[in-house]
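Chains as they are written, first to last, in the working numbering: chain A, 77 to 188; chain B, 77 to 188.
I have placed the structure first, in the form of structure tokens, so that the comments after it can refer back to it.
There are 2 protein chains.
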Amino acid sequence: MAGIASDMIRGNTDTILLRFLCEKDSYGYEINKQILELTDGQYGLNEATLYTTFKRLEKNGYITSYWGDENSGARRRYYTVTEAGRAAYAENCREWLNARTLLERLIKDGTD
Amino acid sequence: MAGIASDMIRGNTDTILLRFLCEKDSYGYEINKQILELTDGQYGLNEATLYTTFKRLEKNGYITSYWGDENSGARRRYYTVTEAGRAAYAENCREWLNARTLLERLIKDGTD
DNA sequence: TTAGATACCTTGACAGGTAAGGTATCTAGG
DNA sequence: CCTAGATACCTTACCTGTCAAGGTATCTAA
């Protein structure tokens, strides 16, 4: 089986992370758990992908980060979406809708 | 601007080419023109992508190829989809529908 | 004290896509 | 005749995002 839908979701990981951060500040592990819940365990980000994506988003000015002040448990790095990040999220959503339309035309539907 | 939807379509190029070949034998240039028509010029495969994809499909046993016998104009390499190719197309379509559902949940809709 | 969960991070490799180059044939215009 | 443009195919070197595999550290429960 290997990577269910992984190559099809590529190019949307930024958008997915931004989506959750648009709702509230969060950290990697939590977001990934939410992704797993929303997809009934069908999809989750590889940790390496998760953290490189955060890095990329931060480098692009779409998010900022700070260390949480947990007094118990493992330390957490929280992320906050910026205004540029919200704009990028909206733009990515538009692009996704467009890509979806195009793919629907191109792929047709070969399911029986 | 650069690549509109290019990274979102990655992982679907095989499926797109198979779709056209499921309808009839065809060759690279023609398929790419059909893609451009269907998308109102919004999307077309890079030539390098086009031909490496054909190679991959042939290596995987999803298509076979033969030289057309044009008596005028540039030579054309035609491709034929195999039974395995049709099965792969159907399976890819199912995966696409699934990925689309997951993405719809994950991305929500941040368009205004 | 040990196992498991939480939580983060880095490295090296890989696959698919792309830019930029190339070849060859035919047609239309000057 | 020559040139420009369309048709049609191909290769190379590079870039990017993903992933497997490793690592660190803390807390909780058995």
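By construction, the Cβ of each residue, glycine as well, lies at the ideal position given by its N, Cα and C atoms.
Source: prediction; values computed, not measured.
Checking the DSSP bridge columns, you'll see B:T156 partnered with B:T140.
Within the same chain, Cβ atoms closer than 7 Å to the Cβ of B:Q110 are found at F96, the five residues on either side in sequence being excluded. Listed as beta-bridge partners of B:Y103 by DSSP are B:Y154. Counting every other CB atom within 10 Å of its CB across the protein chains shown gives B:Y142 a total below 16, marking it as exposed. In the three-state scheme derived from DSSP, where H, G and I count as helix and E and B as strand, A:L121 is classed as coil. Shown here, B:D90 sits in a helix according to DSSP, grouped into three states.
B:T125 places its beta carbon 8 Å or farther from that of B:T91.
For A:K184, the closest Cβ of chain B is nearer than 8 Å. Fewer than three pairs of CB atoms, one per stretch, sit closer than 8 Å, so the stretch 155-173 of chain A makes no contact with the stretch 168-175 of chain B.
DSSP places A:S148 outside both helix and strand once states are collapsed to three, so it counts as coil.
Here the alpha carbons of A:Y103 and B:E180 stand approximately 22 Å from one another. With a cutoff of 8 Å on beta-carbon distance, B:D101 and B:Y155 are scored as near each other.
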